[in-house]
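Residue numbers (the numbering used here): 5 to 398. Only one structure is covered here, and it is reproduced in the block below.
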């Protein structure tokens with residue numbers, strides 16, 4: 005007999021990017037499709053040493069059940085780093101360790117979203133958030149992005165005209181656009197949200213990956229004191245395989261999130277948390293991040309140079325000051341989905357932009373990842389893609 009799935013599963017589909025990555029398993033294809041950190045930069049020897057030390061010094065404790073909130077010394081490290089590097093005050097007790105920042109989205113959906121609740125996201129928006137909140141049958145509203153952040157007049161209008169439960173945003177080097185909120189836009193967002201009963205969720209997995217320009221203070225705690233949650237992750241600054249993320253949230257909200265996490269997985273891996281703490285204790289994290297910034301900065305520069313040389317002038321591409329992505333826009337009327345099929349024939353891959361839009365737009369947009377390729381492959385891949393775009397346009 006056929007099984008009967010929950011109604012919510014009828015509106016949620018496989019990750020489009022995960023499906024594209026299957027196509028790029030052919031080693032002859034130069035792929036700019038994945039949102040992957042460069043594995044050459046994973047601190048494998050240091051993490052190996054940290055793991056050995058944890059097993060030797062606290063083996064039984066590292067393999068035991070633990071508190072849902074997470075390993076306190078690791079939470080304290082994160083809190084101290086916010087104070088030192090971001091200039092905001094965070095208490096270790098306000099931090100909840102999660103299985104990657106993606107679990108944060110799942111927990112927020114469980115705690116806050118009823119079927120049909122309005123969730124405001126950026127246009128284009130992070131595909132992982134769209135997929136996660138879709139599980140809870142959210143109704144998506146969008147606000148357009150300008151070069152320095154959201155269109156504030158559109159943001160205010162959407163909030164005035166709709167009862168919005170949550171506003172989710174990636175404020176630094178946004179996935180997929182690579183755009184970053186400027187200081188004026190951050191202050192403007194906070195001003196608009198102040199005194200509204202809208203939960204603002206600021207996701208910041210890329211903020212440490214700035215290789216030019218000035219660092220920006222988070223909106224949560226930096227500009228907005230209430231109704232804000234700040235997400236973070238070790239995935240982009242250490243290793244994604246550890247699946248270690250966190251959220252900063254006030255007491256009442258944190259208590260509800262703890263209940264949801266207990267029902268989900270009891271707690272994040274005790275061993276992974278202790279190894280990560282030992283790694284950041286024995287090895288200055290800023291030194292490692294500086295290596296990432298230098299490498300990604302060079303790779304971003306290589307991609308921009310190649311784009312300037314090989315792309316038609318009619319194709320617009322963002323020039324982010326950090327992160328992992330560039331965002332391209334083809335002339336109106338062109339389909340990046342159709343271009344993808346042609347690009348694969350030329351042995352190069354990217355991500356068409358339409359899945360990042362919940363309103364069906366974005367047909368002529370696309371995302372390029374520069375973090376997981378060396379400079380030689382970046383130039384050759386962009387050369388192939390540029391030739392494909394020219395053929396496609398003609």
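Positions of the beta carbon are idealized from the N, C-alpha and C atoms, including for glycine.
TODO: Would you tell me roughly how many angstroms separate the C-alpha atoms of residue 110 and residue 313, rounded to the nearest one?
DONE: 42 Å
- [ ] Keeping to the same chain, check which residues put their C-beta closer than 6 Å to that of residue 343; ignore five residues upstream and five downstream.
- [x] 396
- [ ] Using the Cα positions of residue 304 and residue 40, report the straight-line distance between them to the nearest angstrom.
- [x] 14 Å
Open item on the list: Rounding to the nearest angstrom, what Cα-Cα distance links residue 209 and residue 133 in this structure?
Closed with: 13 Å
TODO: Might you give, ordered along the chain, the residues of its own chain that have their beta carbon closer than 6 Å to the beta carbon of residue 96, omitting 5 neighbours on each side?
DONE: 79, 80 and 83
TODO: Could you pull the start and end residues of the beta strand (DSSP E) that residue 207 belongs to?
DONE: 203-207
Task: residue 114 (DSSP reduced to helix, strand or coil) - done: helix
- [ ] Determine, using beta carbons only, whether residue 340 and residue 320 come nearer to each other than 9 Å.
- [x] no
TODO: Measure the C-alpha to C-alpha separation of residue 98 and residue 262 and round it to an integer number of angstroms.
DONE: 11 Å
TODO: Go through its chain and collect everything with a Cβ distance to residue 117's Cβ below 6 Å, but skip five positions before and after it.
DONE: 140 and 142
Open item on the list: For residue 393, which residues in the same chain have their Cβ closer than 8 Å to its Cβ, ignoring the five residues on either side in sequence?
Closed with: 315, 316, 319, 334 and 343
TODO: Have a look at residue 234 and residue 398 and give me their C-alpha separation to the nearest angstrom.
DONE: 46 Å
Task: Straight-line gap, residue 232 to residue 291 (C-alpha atoms, nearest Å) - done: 30 Å
Open item on the list: I need the straight-line Cα distance from residue 43 to residue 60, nearest angstrom please.
Closed with: 27 Å
Task: Outcome for residue 13 when other beta-carbon atoms lying within 10 angstroms are tallied against a minimum of 16 - done: exposed
TODO: Measure from the alpha carbon of residue 332 to the alpha carbon of each residue in 31, 37 and 8, then state which is nearest.
DONE: 37
Task: C-alpha gap between residue 46 and residue 296, whole angstroms - done: 9 Å
Task: Test item: CB-CB of residue 102 and residue 251 under 9 Å - done: yes
- [ ] Within its chain, find whatever has a CB closer than 6 Å to the CB of residue 374; leave out the 5 residues flanking it on each side and keep chain order.
- [x] 303, 304 and 307
Task: Range of the contiguous alpha helix (DSSP H) that encloses residue 332 - done: Unbroken run through residue 332 is the beta strand (DSSP E), 329-333; no alpha helix (DSSP H).
Open item on the list: Let's see if you can read the secondary structure: which residues bound the alpha helix (DSSP H) around residue 383?
Closed with: 379-397
Open item on the list: With a threshold of 6 Å on Cβ separation, who are the neighbours of residue 327 within its own chain once the five nearest residues in sequence on each side are excluded?
Closed with: 177, 182, 210 and 213
Open item on the list: Assuming contact is defined by CB atoms lying nearer than 9 Å, are residue 226 and residue 237 in contact in what I supplied?
Closed with: no
Open item on the list: Would residue 173 and residue 206 be called neighbours here (beta carbons separated by less than 9 Å)?
Closed with: yes
Task: Limits of the unbroken beta strand (DSSP E) element including residue 150 - done: 143-150
Open item on the list: What does DSSP give as the partner residue(s) for residue 172 in the beta ladder?
Closed with: 205
Open item on the list: Does the contact criterion of 3 or more C-beta pairs under 8 Å hold for the region 153-164 versus the region 187-197?
Closed with: yes
Task: Of the residues 271, 346 and 377, the one placed nearest residue 390, counting alpha carbons only - done: 346
TODO: Could you round the C-beta distance between residue 246 and residue 204 to whole angstroms and report it? I think they count as a contact, below 8 Å.
DONE: The pair is not a contact, with the Cβ atoms about 27 Å apart (cut-off 8 Å).
TODO: Pick helix, strand or coil for residue 308, following the three-state DSSP scheme.
DONE: helix
TODO: Would you kindly work out how many angstroms separate the C-alpha atoms of residue 145 and residue 161, rounded to a whole number?
DONE: 12 Å
Open item on the list: Would residue 325 and residue 216 qualify as a contact pair, given that the criterion is a beta-carbon distance under 9 Å?
Closed with: yes
Open item on the list: Starting from residue 371, trace the beta strand (DSSP E) in both directions and tell me its first and last residue.
Closed with: 369-373
- [ ] Output the residue ranges of the alpha helix (DSSP H) runs that lie fully inside the region 56-133 and measure 4 residues or longer, sorted by chain position.
- [x] 76-85 and 104-116
Open item on the list: What does the Cβ neighbour count give for residue 275, buried or exposed, with the cut at 16 atoms within 10 Å?
Closed with: buried
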